[in-house]
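Below is one structure, written out as structure tokens; the observations come after it.
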Amino acid sequence: EVNVFQDFQSMESFDFSHTRIDGACLRELLASFKGLRHISLQSCRGIGEQHLGKLSSWTKSLTHLDLKNCPHLPAQAMLDLTAQCPLLTVVDLSVNAQVFDSAMWNLAKCRNLQVLKVKGCRNIPDVGFQALADTRCHMLTELKLGGCEQLSVRGFRASVAKLSNITALDISYLTCVTDEGVDVVLRNNCMLRKLNLAYDSDLTDKALLSIAKRGKRLRKLKLNGNDNFTDAGLARVILDLEQLSILSLAQDSGLTDATLLVLSKHGADLMELDLCGCVGTTFSGRSNLIQDLSYTKVYIDTSSERDHDA
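Numbering of the sequence shown is given in my numbering, commencing with residue 170 and proceeding in unit increments.
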């Protein structure tokens, strides 16, 4: 019997994202590669547990695993995969309702884990995130958990807020993120470069003051979709974050031309500025801003929303 993959067995990386790869073909491929390091099956919606074959034959050397939006992989498959990939450094399980706390505990045991994305995994309870805090995950620098709706205020403070060494954090679309929680996150992660707080509706100017005081190294900041932020609070962020290069204030209804004036005077170093849907601003205010920030890519379409993915 001829192995159709024999000419490719030295390859270490496969990306089948957004494809309709045949399940039987995938199973045969995985069985043929002993040193596989990177695999992406993102949005391969037809892939099921039976297509992964014998896990131990290809998972031991795996460092990068992308299973974002694979709805037909059952919870047990997620559990088995996370248990049999000890060398994982980058993992994306986003938009999978079948990811539970047991899979998180397995991932927390990966000593080299650096990037973890579970955005939109709506069935991970507090105890799942507690695993990250309990094991400390010293290598973890990027964490995306926006939209993990089971995470509570108490759970957030007991787990995510205790992490340190994080440089990129997405905690968007969460009702558990409070002003105090943001302050704790910033105090524990002084090297934070990217922060996504989009649509965290309970935040107020108090959170903005914490960001202005403790987020000096921030280069990308998303504050989209908040009705509580005022011009005064946003001004403090603009004035105090000198390293900021990407700022998103889209859908912030409390923002007016007063913030645009501050941006015109102090936002020249920004590379990108998103003001889409800021209905409190005027046409003349936006026009003047574009003229003043001639080297900045400014988005000002007030009639439509932009993609808010971090």
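Using N, Cα and C, we set each Cβ at its ideal position, and we do this for glycine too.
In this text the structure is predicted, and so the values were computed from the model without any measurement.
Open item on the list: Given a cut-off of 7 Å on the beta-carbon distance, is the pair residue 262 and residue 236 in contact?
Closed with: yes
TODO: Give the DSSP-derived three-state secondary structure of residue 288 in the structure shown.
DONE: coil
Task: Cα-Cα separation between residue 360 and residue 334, rounded to whole angstroms - done: 7 Å
Open item on the list: Which residue wins for smallest C-alpha separation from residue 434, given the options 421, 423, 411?
Closed with: 411
- [ ] Could you check what DSSP says for residue 259 in three-state terms: helix, strand or coil?
- [x] strand
TODO: Using DSSP bridges, identify the partner residues of residue 277.
DONE: None; residue 277 has no bridge partner.
TODO: Measure the CB-CB distance between residue 209 and residue 187 and report whether it falls below 7 Å.
DONE: no
Open item on the list: Considering just the uninterrupted stretch of the alpha helix (DSSP H) at residue 433, what are its terminal residues?
Closed with: 426 to 435
TODO: Report the three-state DSSP secondary structure of residue 181 (helix, strand or coil).
DONE: coil
- [ ] Determine the extent of the beta strand (DSSP E) in which residue 348 is found, giving its start and end residues.
- [x] It is not in any beta strand (DSSP E) - residue 348 instead sits in the alpha helix (DSSP H) that spans 348 to 357.
Task: Three-state secondary structure assigned by DSSP to residue 174 - done: Note on residue 174: pLDDT 48, under 50, position unreliable in the model; the coordinate value appears next. Correct three-state label for residue 174: coil.
TODO: Mark residue 189 as exposed unless 16 or more other C-beta atoms lie within 10 angstroms of its C-beta, in which case mark it buried.
DONE: exposed
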